[in-house]
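Okay, structure first, notes after.
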Amino acid sequence: MKPLIPHFTPAKRAGDYIFVSGQLPFVAPGEIIEGDIVVHLQQVMANLSEALEGVGASLSDVVKNMIWLVNTEDFPAFNKAYADYFPGQPPARATVCSALMVPGALIEIEAVAYKPL
0 MKPLIPHFTP
10 AKRAGDYIFV
20 SGQLPFVAPG
30 EIIEGDIVVH
40 LQQVMANLSE
50 ALEGVGASLS
60 DVVKNMIWLV
70 NTEDFPAFNK
80 AYADYFPGQP
90 PARATVCSAL
100 MVPGALIEIE
110 AVAYKPL
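So the sequence shown is numbered by numbering that gives the first Met the number 0: it starts at 0 and just counts up by one.
Okay, structure coming up:
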């Protein structure tokens, strides 16, 4: 996966761990997808999956997610849709409300995965 912005590595392996940079709902460089929090989550998860695949991992290898939501009222819809991506025992997670650096984005997700070489 090519970075959408300069000086950005989508995912970096450090031994058996993979650190995934914050993923935003980009559909093209500089273009945020239109839609609500669920649409934004779907695009972020697609981008997260692509970043993981680029280093030989998948969502099933994720052990920790850090999530930023722009609107606290989006949390219930986000939480329900998020559960579909991690059936069984989900990764550890922190979710906070914060402004994001990219206007129009409703969510950002950073991940840590564990995938032995």
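All C-beta atoms in this analysis are idealised placements derived from N, C-alpha and C, irrespective of residue type, glycine included. Owing to the predicted nature of the structure, the values given are computational and were not obtained by experimental measurement.
Discussion item. Relative to the C-alpha of GLY103, which candidate in PHE18, ASN64, ALA13, HIS39 has its C-alpha closest?
Written reply: Mapped onto the sequence shown, residue 103 falls at position 104. Of PHE18, ASN64, ALA13, HIS39, the residue nearest in Cα terms is HIS39.
Worksheet item: CB VAL19 to CB ALA10, shorter than 8 Å?
Response: Counting from one through the sequence shown, the residue named residue 19 turns up at place 20. Counting from one through the sequence shown, the residue named residue 10 turns up at place 11. Yes; because the gap between Cβ atoms is below 8 Å, this pair is in contact.
Worksheet item: Hey, quick one: how far does the alpha helix (DSSP H) through TYR81 stretch, first residue to last?
Response: What you label residue 81 is simply residue 82 of the sequence shown in a count that begins at 1. Boundaries of the alpha helix (DSSP H) harbouring TYR81: 74-82, taken from the DSSP string.
Worksheet item: What three-state label does DSSP hand LYS1 in the structure shown?
Response: The residue you call residue 1 lines up with position 2 of the sequence shown. Reliability fails at LYS1, whose pLDDT of 49 lies under 50, so the model's placement of it is uncertain and the value that follows must be treated cautiously. In this structure, LYS1 counts as coil in the three-state DSSP scheme.
Item to complete: Can you grab the Cα-Cα spacing for the pair PHE25 / ILE17, in whole Å?
Response: Translated into positions along the sequence shown, residue 25 becomes position 26. Translated into positions along the sequence shown, residue 17 becomes position 18. PHE25 and ILE17 have their alpha carbons spaced roughly 21 Å apart.
Practice prompt. Return yes when the Cβ of LEU99 is within less than 8 Å of the Cβ of VAL61, no when it is not.
Written response: On the sequence shown, residue 61 is found 62 positions in, with the first residue counted as 1. On the sequence shown, residue 99 is found 100 positions in, with the first residue counted as 1. No. Outside cutoff.
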